[in-house]
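Peer 1: Sharing a structure here in structure tokens format.
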Amino acid sequence: MDCCRAPMPRFVSCIPSVYRGDLGPSSRTQAGIESRVTIETTSAEQYDPRNDPALHYDFAAIQNKWLPRWDEMQPFKTDLEGDKRPRKYVLDMFPYPSGDLHMGHAEAYALGDVIARYWRQQGFNVLHPIGWDSFGLPAENAAIKRGLDPRQWTYDNIEQQKRSMRRYAASFDWDRVLHTSDPEYYKWNQWLFLQMYKKGLAYRKASWVNWDPVDQTVLANEQVLPDGTSERSGAVVVKKKLTQWYFKITDYADRLLDDLNQLEGSWPSKVLSMQRNWIGRSIGADVDFVVEGRDKPVTVFTTRPDTLFGATFMVVAPDSDLAIELAAESTPEVQEAFKTYLTAVQKSTETERQSTDRPKTGVFLERYAINPVNGERMPIWAADYVLADYGTGAVMAVPAHDQRDLDFARAFDLPIRMVVDVTAPATGAIPIITDEMLDDPNFGSYDPAVTGEALAGDGRLMNSGPLNGLSKVNAIKKAIEILQQQGAGRPAKNYRLRDWLISRQRYWGTPIPIIHGENGEEIPVPEDQLPVLLPPSDGLDLKPRGSSPLGAAEDWVNVTNPLDGTPALRDADTMDTFVDSSWYFLRFLNPHDSEKAFDPKDVDKWAPVDQYVGGVTHAILHLLYARFITKVLFDLGLVSFTEPFSALLNQGMVLMDGSAMSKSKGNIVQLSDQLDEHGVDAVRLTMAFAGPPEDDIDWADVSPAGSSKFLARAWRLAGDVTSKPEVNWREGDIALRRVTHRFLAEAPGLIEAFKFNVVVARIMELVNVTRKAVDKGPGGADPAVREAVETIALGLSLFAPYTAEDMWERLGYPATISSYGWRGADPALLTEESVTAVVQVDGKVRDRLEVPPTIAGSDLEALARASAAVQRAIGDREIVNVVVREPRVVSIATKPGA
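So the sequence shown is numbered by full-length UniProt numbering: it starts at 1 and just counts up by one.
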């Protein structure tokens, strides 16, 4: 319809579409057009086109317009059955409902959404779900502080986040929402626990555990920070002996380590290294030491069995069962000294105990072990630099070649014997150190007993009987052979990884489905009685007190033994919330299925996850546990793959003024305020444009206001287009079409390489070029302008969906733009017909030549020399050098003629 002929309300102008866009004087002057505006009005008020809502970019109005339409249309609902397109599963790490969305969420969900929307454009049926990781300590502690039921606090926050998430326009399938605190979800946590219990992978034992004195609960090793504090409360973690539930993740240590090779190139190398280091596989030998007065030998793992002849004492961790046993069978004086020492050790963090700077402390247990290779008596000491959960909690000390052992030996005047000649080369048959050299008074210049510096090099063995003269590799092999012949040792592997401690002494979590009989027997809850529901929190004191609040829920905890009808007790602990998130990606496939945790046939179609997006803070905990559970499910025959996430993208942090945002620093930036001020699209575009996804973003250094202005420029271009959707693009301006098709060709590769900021920069370039095309010649009527603006809208739909959708409608297309595919580039438009070659004479540009892009260097030089302008510039001067960089530059250097 011609708007100039249509009836119009008062104060609404009929503006020729050529004027649409930036209607400031400069744009009209550039276009060479005198502004002519027809106004229907009854007043003398001058019309200002900048106030016309049809021409003004109002992000709030656009958001309010499209959000309810999308809610009605459900454009991202995933058809698991009937859709025959190839499939992609894109998953963002789901949020914890601690409050409203924050700036970190804004970055993570903007980046994940780019990927999901991109794959839809590429013709894939994309599964992109969302849920909430809603059990756990933060919700429970917040509820206690406010005097609320954790359910109320949690689900109120979920609703708040859900509203914000919808506003943020991430392309989620809202029919697949799950909450891990729903009984419909945690029923399957309990089912998974029972499957592992049947396989011997879930077990209960008494041991020293990490204890958070503030949250009053145990922590897995992975939840203790390097400085010895709790990742949750910040309290210094102490050791406490408790009976707890574990998952036997160590049974999968080799597979967890070796299968990382499958992920090379698709996971960040930093994450792979962190996982490898945490698993920490060491190759060596288990050596059996006979302890005087003890029937059973003590087994020690060592990576250097070749140094056994240099072992002069044994050290045991004071908080190990072995140390407690050995001290208990010693003298009363030793028992008292050990008890005092153990109390002091339990107040130290593991980081402090492992520090090389601390003075070495210990207690002699007045017990002796026998060195199996030479029969020497080795005194046994308890010392805090040995940890109870490394191997058996005992080490053979070789002080000449280990710095901590050396420091301890020097502190307590224990023997130090060199057995590795570190001055000898790894090849060659004869050690450099001879008996004569050992008698030399200057030998002490590198004797560890004198220098205080352990000799940690490889070299060749000495003072080691049958191992003398052997290199490290051969000596290790020979030492293991000797141990095996004597029945005193064998090859072995050890791991830094420890079994996953899953029980927690808190209320807000998945109840452990075990009943304890009067005689201590463990009775699994029958599967048809799942879920074991959490009781109401009414009447329960949820404050941390060292034992689970569920133990006080008498009607809940007191049950009948299903085997014999005798009184029994439910297990009162709840599961670590990392159990919830270890398999949630499978539940998204069938989140409302009440008969099974997931449908294997849907798993075969959709899993593993094609692209996982989340913070590097989960590089060890969550990812390691999810990998472990996936391998367990594979062994149970429930999934056909062994790695849950085929590709991983880690985003950086959002900082303010160089620091992490925190209330204490006063540098919090509220996401809701940014959305209100600049709009959703501007925030999303800013997150994508700020830099590579893995880099941190300092909000002080970016400009959401600038993003908003750019989006307004792009949006106005859609109003400038006057050609119809069915116009023939090939009739448009060739130069603009080349820019458009370069973008179409480059953008997919850039997206798949996660170079989102470069894609945004290319869109900005295309907007600028298109703006110039609109402001000259045929303007918005040029078919190339329509093609460019449609391409801009398609590109922006990945980053700024509201703006892109509104542009798409203004361009004459029905919603939604997300259902339109990416357009392929025309190869003919990717090759330039000619390029401009610059010819310089003595550094000054003298001519510009239009030449074929494939021109040979000799031909380009000939053309340059033939140029009249170049010949005038050279005159009677002598050419001394010509540099040709075909097809762009010819540089001629001259000197005065003779």
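Even glycine gets a Cβ: it sits at the ideal position worked out from N, Cα and C.
Fair warning: this is a prediction, and the values are worked out from it, not measured in the lab.
Between Ile115, Pro138, Phe59 and Glu72, which lies nearest to Pro544 when the distance is taken from Cα to Cα?
Peer 2: For Pro544, the nearest C-alpha among the options comes from Pro138.
Peer 1: Go ahead and label Val759 buried or exposed: buried means 16 or more other beta carbons lie within 10 angstroms of its beta carbon, across all protein chains shown.
Peer 2: buried
Peer 1: Could you tell me which of Arg404, Asn371, Glu336 and Val315 sits nearest to Pro359, measuring between CA atoms?
Peer 2: Arg404
Peer 1: Determine the closest residue to Ala394 out of Val287, Ala411, Gln484 and Pro129, with distance taken between C-alpha atoms.
Peer 2: Val287
Peer 1: According to DSSP, Glu805 sits in a beta bridge with which residue or residues?
Peer 2: In the DSSP output, where bridge partners are listed per residue, Glu805 has none listed.
Peer 1: For Glu595, which three-state DSSP category applies?
Peer 2: Glu595 falls in the coil class under three-state DSSP.
Peer 1: What would DSSP say about Gly391, mapped onto helix, strand or coil?
Peer 2: Residue state, collapsed to three classes: coil.
Peer 1: With DSSP run on the structure shown, which of helix, strand or coil describes Glu861?
Peer 2: helix
Peer 1: Could you give the uninterrupted runs of the beta strand (DSSP E) lying entirely in the region 460-547, keeping only those of 3 residues or more?
Peer 2: 489-495, 514-516 and 522-524
Peer 1: Apply the 10 Å Cβ neighbour rule to Glu81 and answer buried if 16 or more other Cβ atoms are within range, or exposed otherwise.
Peer 2: exposed
Peer 1: For Leu467, which option in Glu481, Ala619 and His618 has the closest C-alpha, if you only look at C-alpha atoms?
Peer 2: Glu481
Peer 1: For a quick check, are the C-beta atoms of Ser802 and Ile62 less than 8 Å apart?
Peer 2: The question names Ser, but residue 802 is Tyr in the sequence shown. Yes, they are a contact pair.
Peer 1: Using DSSP bridges, identify the partner residues of His179.
Peer 2: Trp132
Peer 1: Applying the 10 Å Cβ sphere with the 16-neighbour rule, what's the burial state of Glu350?
Peer 2: buried
Peer 1: Reducing DSSP to helix, strand and coil, say where Phe408 ends up.
Peer 2: helix
Peer 1: Since Phe247 sits in a beta bridge, which residues does DSSP pair it with?
Peer 2: According to DSSP, Phe247 bridges with Ala202 and Trp500.
Peer 1: Just to check my reading of the structure: Pro183 and Leu533 have Cβ atoms closer than 8 Å, yes? What is that Cβ distance to the nearest angstrom?
Peer 2: 6 Å
Peer 1: Taking Arg410 as the reference, give the member of Gly452, Ile792 and Ile476 with the closest Cα.
Peer 2: Gly452
Peer 1: Tell me which residues share the same chain as Ile502 and place their Cβ nearer than 7 Å to its Cβ, disregarding the 5 neighbours each side in the sequence.
Peer 2: Trp245, Tyr246, Phe247, Met575, Asp576 and Val579
Peer 1: List the endpoints of the continuous alpha helix (DSSP H) containing Glu746.
Peer 2: Ile734 to Glu752
Peer 1: Hey, quick one: how far does the beta strand (DSSP E) through Arg848 stretch, first residue to last?
Peer 2: Lys844 to Val851
Peer 1: For the pair the region 196-204 and the region 602-614, tell me if three or more CB-CB distances fall below 8 Å.
Peer 2: no
Peer 1: Grab the span of the alpha helix (DSSP H) containing Tyr612 for me, first residue to last.
Peer 2: Not the alpha helix (DSSP H): Tyr612 falls in the beta strand (DSSP E), residues Gln611 to Gly615.
Peer 1: Check for me: the beta strand (DSSP E) holding Asp604 runs from which residue to which?
Peer 2: Careful: Asp604 lies outside any beta strand (DSSP E), inside the alpha helix (DSSP H) at Pro600 to Trp606.
Peer 1: Between the Cα of Arg810 and those of Asp696, Arg716, Ala317 and Glu787, spot the shortest distance and give me the residue it belongs to.
Peer 2: Arg716
Peer 1: What are the boundary residues of the beta strand (DSSP E) that Gly362 is part of?
Peer 2: Gly362 to Ile370
Peer 1: So Met396 and Ala311 are in contact, right, with Cβ under 8 Å, and what is the actual spacing, rounded?
Peer 2: 4 Å
Peer 1: For Pro448, count the other beta carbons within 10 Å of its own beta carbon; 16 or more makes it buried, fewer makes it exposed. Which is it?
Peer 2: buried
Peer 1: Can you name the residues that DSSP bridges to Val882?
Peer 2: Ile892
Peer 1: Report yes or no: do the region 778-798 and the region 743-750 share at least 3 C-beta pairs separated by less than 8 Å?
Peer 2: yes
Peer 1: Is Ser181 closer than 8 Å to Ser134 when the C-beta atoms are compared?
Peer 2: yes
Peer 1: Work out the CA separation of Val345 and Val237 for me, nearest whole Å.
Peer 2: 12 Å
Peer 1: Kindly indicate which three-state DSSP category Arg85 falls into: helix, strand or coil?
Peer 2: coil
Peer 1: For Gly593, which residues of its own chain have a beta-carbon under 8 Å away from its beta-carbon, when the five flanking residues on both sides are left out?
Peer 2: Before going on, a small fix: residue 593 reads as Asp here, not Gly. Only Asp599 meet the Cβ criterion.
Peer 1: Identify which residue in Asp79, Ser164 and Ser891 has its Cα closest to the Cα of Leu675.
Peer 2: If we check each option's Cα against that of Leu675, Ser164 comes out closest.
Peer 1: Under 8 Å, do Asn494 and Gly284 count as touching if we go by C-beta distance?
Peer 2: Against a cut-off of 8 Å, the Cβ pair of Gly284 and Asn494 comes out as a contact.
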